[in-house]
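One structure below.
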Amino acid sequence: MKSLTSLARVVALFSAIPVFAVPPTPQPDPSGINKNRYISMSIPDTGGNPVAIRVTLTSLMHPNPPDIECCTPDFSAFEGQYRWVGPSLAYTENDNDPTTFEAAQLQCTPYYADFAAVGLIHVYGDAVVPSSVYDVVVFDGTCNGNEATCTEFSSSLQIKAARWGDTMPPFQIEGGPLNQPSASDYVTVIDKVARINTASKVLMQLQPNIPDPSRTTNVLDTTDDVSSFHKFAYPYAGPTSCDALRPDQLMQVPSSNRGNEPAALRDSPTAKIYITPVPSQGTGSYPAGTTISGQEIHAKSGGFRAFFNIQISDWSPGQTGNNLLQSYEVQAASAGFLSANANPAGVGGDLTQADIPCGQKTCGNGLNVGQVCTSPVQCPRACQGGSNSGNACSTGSNCPGGTCPNAQCLDPCPTIVGEPGSSCGTFVPGKCSGTFINTSRPDYVYSVNGGVGFYPYATPLSPFGPIVATAGDPAGFQVFDAGQKYYAGTFVLDIPSSALGRYTIDVRPLETIVAYWLSSDADERIPLEMAVQSFPAVVDIGGVAGDKNRYLSIGAPDRGEAYAIRVKLTSLMHPNPPNLPQYPPPDFSAYEGQYRWAGPISTYCETFHFPPPCPGNDSQYMVANTQCSPLYSDWHADSSGGVLHITGADIIPSSIYEVDLVPLSCQGNESSCADVVSYVTLRTARLGDTAPPFQQPSPASLSQPDISDVAAEVDKFKTILGLGELTAFVDVHPRIPTGVVNISDVSTCIDAFKNLPYVLGTPTDCP
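Numbering (the working numbering), first residue to last: 38 to 804.
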């Protein structure tokens, strides 16, 4: 270890650079665990003095014992080169684990800082590769700018990187028989993806060429660990020469492996991910009248269990065969489950990941039939029929005249959820997993390989939403895109009876991954991550949030006082796309900018339109007509915290309305009161467009209303309990809607289907 020269001390004295007698020797990670893609150290107290940390690439990628498969990459040209530890940042372990760790990327230029204050530092970069040796020294601040000749540095700490994929103990013994990585390594990585493993991310993050500590451990890390388990060699490009880097690239941390692959791969396609509601299955059932249209499920009330399939398509558009699906991970965003994010917001209850009791698995036959089991091993076989019926057996020869059936540990969950994949007690004791992958389905994305060689994975435990993921076996089981939507997994949600409005369930972008290999480069076994376009599911309960022809639907907030509801006629009768030229809409522009007010609330039966009590299970709805003067009341209490439908001659199709809350303090001076609260802006649907699918604005072509709208009107006109859309959707006639759906409503919808314009009169004239 070097001491400061007299000249250095003099220079330090006059330049006010703090110094100490000896730069401290870096200390190893106290855990003693070597990692694949990180090297870990801490710097002892320097009294606040800045130091730089130099890393020598001493020995790169020399696995001992050697790899089996050809060929271990040759990084020897970089051995002996130096890299420097860059700025340290704090990162969280996973999206559900706020535990932080410090990580810093290697760079080509020295960086001086008080590294002692950071604590344990995990260093990463393209030069940190498995089966390697690094020597780490600390440079004193007096070396800044003259590192090549400076002698003020510490003694060296040697750090080794673990064998490729060997992420958890027991670790490979150098020179011993090759037995690592093992199944326990990739199972540990899977558990980290599952958010049920609390071991540090730095142990299990394996990819890409430059790891990104800001990302969660994901299916691509699982893919790499499975590949290493098959004894395939390290697949990434490895170190980059400092001479080849621009200064602006030195600290670049890519968010994926883009930039490390050949340029031809960077223009990869965009995979499509669908969250698709599907019919009820197993022991579940949907309310009468529930419909599914594309990505939307419509139910008139809550209180049921809903099923959703994850689907994948277009990872190789045109079915060129160039891209082979290698792995995927899809996480639904639970923010979409919340009423606070629904439309209208905060009116109904929250959706939740399904809580599905299953009891326990039981032996289906054998000596312990009916007894609790966790695997068939706990269900010893017994002869069935013959002279030894009921006696223990191991083969058919033990059962003269009978059989020795295979042991069965029966799982009730496939029956409960309606298909294989879910299992009892896997994640939560006594519960079916509400997120699963049914690998036996013919539309399963890997069905062409029979599911063999894949590692289906699903968890209901993440607080950020259900996750489904599968990593392809690197032994050659990747699949081509045959131009269809492929099944990738199932998750189940409980829709509470209090649910109301439109809930949009999308994916979490950073946790949703589709990876592929080029068919011509599959031997390299580098999963290439592509862009993803998502198609969210919409859960529409009660139809209250959809745009309607003649009604505005809101949830009246609880303000703890009386207030008035003011409706501004912002934009009236401007259909988009426009009407056909021969059928121009009426001009109501003279009314734009005027205000109307919600009047007294009336309650009606949904099917029969008379006040409660309602016959059978007929539901109720509350409606208020517009009027010219304000009405102050506790609207939240008046509407029982539910949905309030506002209608009247002023509520017309293809229009925009701004709804304001006017507090009691404004009574008498509403036009100039500064206390008015802007609440929500609502649109009305195109004339006659009363049922899904709804008209989309330009540049979409004019396609609505269609025959499904007329059918919805007719169904409601039949006055059959539970048939047809809600009154607020299909009540389009007369000038002031009455809530009674009759032949006039049907005729109005048919006229709109013929593209005829609105003819029901003008808004109300107020003084």
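We put the CB at the ideal spot given by N, CA and C, even for glycine.
Cβ distance (whole Å) where Thr718 is taken to contact Ser691 below 8 Å: Residue numbering aside, residue 718 sits at position 681 when the sequence shown is read from its first letter. Residue numbering aside, residue 691 sits at position 654 when the sequence shown is read from its first letter. Wrong, their Cβ atoms sit about 15 Å apart, outside the cutoff.
Local conformation of Gly178 per DSSP, three classes: Along the sequence shown, read from residue 1 onward, the residue named residue 178 stands at position 141. Reduced to three states, the DSSP call for Gly178 is helix.
Under the three-state DSSP convention, the category Tyr223 falls into: For the purposes of this step, residue 223 is taken as the residue at position 186 of the sequence shown. In the structure shown, Tyr223 sits in a helix (DSSP, three-state: H, G or I).
The region 199 to 218 touching the region 259 to 275, judged by at least three CB pairs closer than 8 Å: yes
Unbroken alpha helix (DSSP H) run spanning Met241, endpoints: Here residue 241 corresponds to residue number 204 of the sequence shown, with the count starting at 1. Lys238 to Met241 is the extent of the alpha helix (DSSP H) around Met241.
Pairwise C-alpha distance: Gly705 and Asn792: Residue 792 sits at position 755 when you count from the first residue of the sequence shown. Residue 705 sits at position 668 when you count from the first residue of the sequence shown. Rounded to whole angstroms, Asn792 to Gly705 spans 44 Å at the Cα level.
Residue from Thr764, Val165, Thr640 and Gly123 whose Cα sits closest to the Cα of Glu7: This structure leaves residue 7 out entirely; the chain is present only between 38 and 804.
Distance between Gly422 and Val409 (C-alpha atoms, nearest Å): Reading the sequence shown from its first residue, position 372 is the one you call residue 409. Reading the sequence shown from its first residue, position 385 is the one you call residue 422. Cα to Cα, the separation comes out at about 24 Å.
Beta-carbon proximity of Val173 to Thr93, cut-off 9 Å: Residue mapping note: residue 173 aligns to position 136 of the sequence shown, counting from 1. Residue mapping note: residue 93 aligns to position 56 of the sequence shown, counting from 1. Result yes, Cβ atoms of Val173 and Thr93 sit closer than 9 Å.
Chain-order list of residues whose beta-carbon lies under 8 Å from that of Met288 (same chain, five-residue window excluded): The residue you call residue 288 lines up with position 251 of the sequence shown. For Met288, the predicted structure reports a pLDDT of 33, less than 50, and the residue's modelled location is therefore unreliable. A value from the coordinates is still provided. Taken in chain order, the residues that qualify are Gly123, Pro124, Gln142 and Gln144.
Nearest residue (CA-CA) to Glu643, options Thr235, Asn378, Asp518 and Lys755: Within the sequence shown, numbered from 1, the residue matching residue 643 stands at position 606. Selected option, being the one with the closest Cα: Lys755.
Residues of its chain near Cys108, where Cβ-Cβ distance is below 7 Å and the 5 sequence neighbours each way are ignored: By 1-based counting over the sequence shown, the position of residue 108 is 71. Around Cys108: Ala270.
Which of helix, strand or coil DSSP assigns to Gly373: For the purposes of this step, residue 373 is taken as the residue at position 336 of the sequence shown. In the structure shown, Gly373 sits in a helix (DSSP, three-state: H, G or I).
9 Å Cβ cutoff met for Cys416 and Gln445: Your numbering for residue 416 matches position 379 in the sequence shown. Your numbering for residue 445 matches position 408 in the sequence shown. It is a contact, given that the beta carbons lie within the stated cut-off.
Own chain partners of Gln363 with C-beta closer than 7 Å, once the 5 adjacent residues on each side are dropped: By 1-based counting over the sequence shown, the position of residue 363 is 326. These residues qualify, in order along the chain: Thr260, Gly509, Gln515, Ala552, Tyr553, Trp554 and Pro564.
Backbone secondary structure at His159 - three-state DSSP: The count along the sequence shown starts at 1 and reaches residue 159 at position 122. In the structure shown, His159 sits in a strand (DSSP, three-state: E or B).
C-beta contact flag for Asp351 and Thr313 at 9 Å: Here residue 351 refers to the residue found at position 314 of the sequence shown. Here residue 313 refers to the residue found at position 276 of the sequence shown. In this structure, Thr313 does not lie closer than 9 Å to Asp351 by Cβ.
At least three beta-carbon pairs within less than 8 Å, the region 567 to 575 to the region 148 to 161: no
Distance, Leu243 Cα to Ser278 Cα: The residue you call residue 278 lines up with position 241 of the sequence shown. The residue you call residue 243 lines up with position 206 of the sequence shown. Roughly 21 Å separates the two Cα atoms.
Unbroken beta strand (DSSP E) run spanning Leu555, endpoints: The sequence position of residue 555 within the sequence shown is 518, counting from 1. Looking at the DSSP string, the run of the beta strand (DSSP E) that includes Leu555 is Ile550 to Leu555.
Chain-order list of residues whose beta-carbon lies under 6 Å from that of Asn181 (same chain, five-residue window excluded): Translated into the one-based positions of the sequence shown, residue 181 becomes position 144. Contacts found: Tyr149.
Cβ neighbours of Val485 in the same chain (closer than 7 Å, five flanking residues each side left out): Locating residue 485 in the sequence shown gives position 448, counting from the first residue. Closer than 7 Å at the Cβ level, and outside the excluded window around Val485, lie Val516.
The region 399 to 408 in contact with the region 533 to 553 per 3-pair CB rule at 8 Å: no
N- and C-terminal bounds of the beta strand (DSSP E) containing Asn754: Here residue 754 corresponds to residue number 717 of the sequence shown, with the count starting at 1. Note that residue 754 is Phe in the sequence shown here, rather than Asn. Taken as a continuous stretch (DSSP letters only), Phe754 belongs to no beta strand (DSSP E), being part of the alpha helix (DSSP H) at Ile744 to Phe754.
8 Å CB neighbourhood of Asn131 in its chain, flanking five on each side removed: Residue 131 sits at position 94 when you count from the first residue of the sequence shown. Excluding positions up to five away in sequence, the list reads Lys229, Arg232, Lys238, Thr253 and Thr254.
Contiguous beta strand (DSSP E) assignments of at least 3 residues, all confined to the region 68 to 126: 76 to 79 and 88 to 96
Reduced DSSP secondary structure (H/G/I, E/B, other) of Trp672: Taking the first residue of the sequence shown as 1, we reach residue 672 at position 635. If DSSP states are grouped into helix, strand and coil, Trp672 belongs with the helices.
Cys420 burial status per 10 Å Cβ neighbour count (16 or more: buried): Residue mapping note: residue 420 aligns to position 383 of the sequence shown, counting from 1. Flag for Cys420 reads buried.
Top-ranked residue by Cα proximity to Glu366, from Gly339, Gly526, Tyr323 and Asp518: By one-based count along the sequence shown, residue 366 stands at place 329. Closest by alpha carbon: Gly526.
The region 70 to 77 contacting the region 99 to 107, beta-carbon criterion three pairs below 8 Å: no
DSSP-derived helix/strand/coil call for Ile563: On the sequence shown, position 526 is the one that residue 563 refers to. Coil at Ile563, not helix or strand.
Supposed close pair Cys786, Pro730 - CB separation, criterion 8 Å: Residue mapping note: residue 786 aligns to position 749 of the sequence shown, counting from 1. Residue mapping note: residue 730 aligns to position 693 of the sequence shown, counting from 1. Not confirmed; about 15 Å, so no contact.
Cβ distance (whole Å) where Ile349 is taken to contact Tyr523 below 8 Å: Against the sequence shown, residue 349 aligns to sequence position 312. Against the sequence shown, residue 523 aligns to sequence position 486. Sure, about 5 Å apart at Cβ, within 8 Å.
Local conformation of Ile2 per DSSP, three classes: In the structure as shown, the chain begins at 38 and stops at 804. Residue 2 is therefore absent and cannot be evaluated.
Closest by C-alpha distance to Pro614, when choosing among Pro734, Thr775 and Pro622: Reading the sequence shown from its first residue, position 577 is the one you call residue 614. Checking every option, the nearest Cα to that of Pro614 belongs to Pro734.
N- and C-terminal bounds of the beta strand (DSSP E) containing Phe528: The residue labelled residue 528 in the question sits at position 491 within the sequence shown. First-last of the beta strand (DSSP E) with Phe528: Tyr523 to Ile532.
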